[in-house]
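In the numbering used here, the protein residues as written are 306 to 591.
And the structure:
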């Protein structure tokens, strides 16, 4: 190896080591202000924004958008937008709710989103959400067709004036509470679902905020019991015999099993309950 290459290698290694030391210092010293009243530095914001845009483009690149120019589809999308999006993002002539004004990064105005993002990218963002941005994943609350309806409305949104938006608001009655539950589940049907999908669903239903769950990253402090070894327990919540049918029943409507339980009804869909149950039955004591 030539002297020049050796020097270049040593320089590169030293630079990497110095960068690692700086990163460790920033993390452990607490010098970086994480308060929501303090904006990210320009460099951090640019890094996060670029990473987000490239990540979305990569993952949405193979999604084929359906026809979105149907007026009825845009109307349905408007109803979902009003029920679930305007609270954070606002609309023409409509301010976001007070809680959204304190978010950092600030929720984007969606009026020009159709010009900045393709329909497939908007669909992916709505469905999957964006980490550490306050943007939730709607995959577990809206069906795919409903999400495409929202995308269809967002194609129309840039052309709406405040008066136009108010006209839509008056013309179309508020949408009823939405659910992606397609049908009531048969209580005798105890089929389990996909454990890997269940692991993701546990996060989306905020199970990790109360329970320690092996293999799932969550809060350090838990107000509910650990779910470790769930597959080997005799009872669910100390009440129900631990069978797949009872597990599904508990996940969907815990208050019907125990009216005094601190476990809330989270409107878990039938399929998500089957997936979550499948994952819980992989949790065995070592």
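C-beta atoms are modelled at their ideal positions from N, C-alpha and C, and glycine is treated no differently.
What you are looking at is a predicted structure, and each value in this text was computed from that prediction instead of being measured.
Asked                                                                                                    : Found
One or two residues paired with residue 396 in a DSSP bridge                                             : 399
Contacting residues, own chain, Cβ-Cβ under 8 Å from residue 522 (five flanking each side not counted)   : 513
Sufficient close CB pairs (3 or more, under 8 Å) joining the stretch 439-457 to the stretch 357-369      : no
Residue 387 burial status per 10 Å Cβ neighbour count (16 or more: buried)                               : buried
Backbone CA spacing between residue 470 and residue 450 [nearest angstrom]                               : 23 Å
CB contact flag (residue 370, residue 425, <8 Å)                                                         : yes
For residue 415, the three-state DSSP class (helix, strand or coil)                                      : coil
Any C-beta of chain B under 8 Å from that of residue 409                                                 : Checking the listed chains, one finds no chain B in this structure; it contains a single protein chain.
Backbone CA spacing between residue 354 and residue 434 [nearest angstrom]                               : 14 Å
C-alpha gap between residue 314 and residue 453, whole angstroms                                         : 51 Å
Straight-line gap, residue 415 to residue 508 (C-alpha atoms, nearest Å)                                 : 26 Å
Beta-carbon proximity list for residue 466, same chain, < 7 Å, skipping 5 on both sides                  : 397
Short Cβ contact (8 Å threshold) for residue 410 with residue 401                                        : no
Close Cβ partners of residue 570 (< 7 Å) along its chain, the five nearest in sequence each way excluded : 558, 559 and 560
Sequence-distant residues of its chain with Cβ nearer than 8 Å to residue 320 (five each side left out)  : none
Residue 357 (DSSP reduced to helix, strand or coil)                                                      : helix
Residue 545 in three-state terms, based on DSSP                                                          : strand
Beta-bridge pairing of residue 459 - partner residues as DSSP gives them                                 : Answer is none; residue 459 lacks a bridge partner.
DSSP-derived helix/strand/coil call for residue 540                                                      : strand
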